[in-house]
Structure formats: C-alpha cells, structure tokens
Amino acid sequence: MIIVYFFIGIFASVLGALPLGASNIAVINTTLKQDVKQAFKIAVAAGIAEVILSLYALHCNTVVQDFIDNNMWIQVAIVLLLLCIGAFLFFKKQKQKEHKRKYLVQSKYLTGFFLGILNPPVLIYWVVAIGFLNKTNFMLSLQSSLLVLFLFFTGIYLGKLLTLYLYSKFSLIIKNRVQNINHTVNKITGILLVVIATFQAVKLYAF
C-alpha cells in the first residue's frame, strides 16, 4: 500500500509539468539549438528544484497559499514577467552565438535549477495538490514515515524528469522534420507566453 505514494508522486508531477513552463521552454530550445544531452542536464536540475518546491509546499501548505492570494503584487509581477519574456522571444532575431556555446553548456545545471526553483505557479500547484491529497485518505505531512516521504518525493523527481525528457524528444522529432525551426519555435513560444500572461491578467481583473 505504501508504494502507492510513489505513483501518486509521479502522477502529480507529470500533471504539473505538462503545461508549458519555463523549464519546458528551456528544454525545448536547448534541444533544438544544441542537443538532447544538454537539455537533459536542465531536466536533472529542474527535477531537484521541483522536489524542493514540493517539500516547501508540504511544510507550509496553507500559509503559502494565503500569502500568494493576499499579495496581488506577486501575481502582477508574474504576469509582467511572462509578457516581457514572450515579447522578447517573439521579436528576437535569429543570430549565431557560437562564441557563447561553452558558457551555455557549462551553465545548464544552474539554468535548470533556477528556472525550476523561481517558479511561483509551480509552488501554488504543489500547495493545491498536497492540500487535495490531505483531504483524501492519502495524508501527507512532515510527520509521515520516512519511507512514505522518500517514495513520494522520488516519484515527483522521476515524473518531472520523464516529462521534460519527453518534451526534449518531441522537439527533436520536430527539428528533424522542419527546416529553420529555432526561429519559429521562439515566435510560437513567445505567443504562448503572451497568451498565458493575458489570461492571468484577465483573471486578476475579473476576480
């Protein structure tokens, strides 16, 4: 019965990682511009960040949710950040930056970690997800047994890693079939981010 926490962790992590986010975008762009190996480094570090966020959400479930809900500036900052990144990607011109390749390769782990950890929507997701689990028979807290916590967080890590890896492989398939895909992906990603930001802004205004 305890093993079910492992699969709950995987399912919850995959569900949270499926929507296009900063880590997903970084994995896609790195796969297209470099290779799967470099993108996998981002996924490895992003998985660690996911575990940290979920652990923090478990530690202070209701406090974090109330804080974000009661501080409008956090939600506004997220909207503005998405708009800026989206606009930047959409209007960005395609350039060759081979002289920076070595630096980019060396920083993939840090890139993945910071993109994963500096992600308030993911924290909110885990607050909600853990809150939902605690309303069912699958109670989770820091007082749970070490085996339960280990299985749950291992599932979270593997779920995040698997989802980002599949994003990487999917983008590689597209790369092999479409010419000059990098510039197109930047524009599509930019549009998606602007749409997400607009949707969030409407929600803030409406509620």
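Residue 92 in numbering that gives the first Met the number 0 is what sits at position 93 of the sequence shown, and the numbering runs on without skipping anything. Just so it is clear, CB atoms sit at the ideal spot from N, CA and C, and this is done for glycine as well. None of the values given here were measured: they were computed from a predicted structure.
Mapping DSSP to helix, strand and coil, what is residue i?
i	result
His98	Caution is warranted here: a pLDDT of 43 is assigned to His98, below 50, making its placement in the model unreliable, and no coordinate value can be reported.
Asn70	coil
Gln33	coil
Asn133	helix
Leu103	Any reading at Leu103 needs caution, since the residue's pLDDT is 40, under 50, leaving its predicted position unreliable; the model's value is listed next. Here Leu103 sits in helix by DSSP.
Phe5	helix
Asn118	coil
Cys59	coil
Lys159	helix
Lys186	helix
Lys91	coil
Ser144	coil
Leu207	Because residue 207 is not part of the residues shown, which for the chain are 0 to 206, the question remains open.
Residues in the same chain with beta-carbon distance under 7 Å from residue i, minus the five sequence neighbours each way, listed in chain order, please.
i	result
Leu171	Thr30 and Val35
Leu139	Leu57, Ile129, Leu132, Asn133 and Phe151
Tyr164	Phe39 and Ala42
Ala196	Val78, Leu81, Leu82 and Gly85
Can you give the beta carbon distance from residue i to residue j, rounded, assuming they're within the 8 Å contact cut?
i	j	result
Gly158	Ser53	That belief does not hold up - the Cβ atoms of Gly158 and Ser53 are roughly 10 Å apart, past 8 Å.
Ile1	Leu141	Rounded, the Cβ-Cβ distance is 17 Å, inconsistent with contact.
Val201	Leu82	With 8 Å as the limit, Val201 and Leu82 do not qualify as a contact, their Cβ atoms being about 13 Å apart.
Consider the C-beta atom of residue i and the heavy atoms of the ligand MG; say whether any pair is separated by less than 6 Å.
i	result
Trp72	Only the bare structure without any ligand can be found here, which leaves the ligand MG out of the picture.
For residue i, which residues from the same chain have a beta carbon less than 8 Å from its beta carbon, with the 5 sequence-adjacent residues on both sides left out?
i	result
Phe90	Gly189
Excluding the 5 residues preceding and the 5 following residue i in the sequence, name in chain order all residues of the same chain whose CB lies nearer than 6 Å to its CB.
i	result
Asn70	none
Give a yes or no on contact between the segment 41 to 51 and the segment 109 to 119, applying the rule of three or more CB pairs nearer than 8 Å. yes
When the Cβ atoms of the segment 4 to 20 are set against those of the segment 28 to 39, are three or more pairs found closer than 8 Å? no
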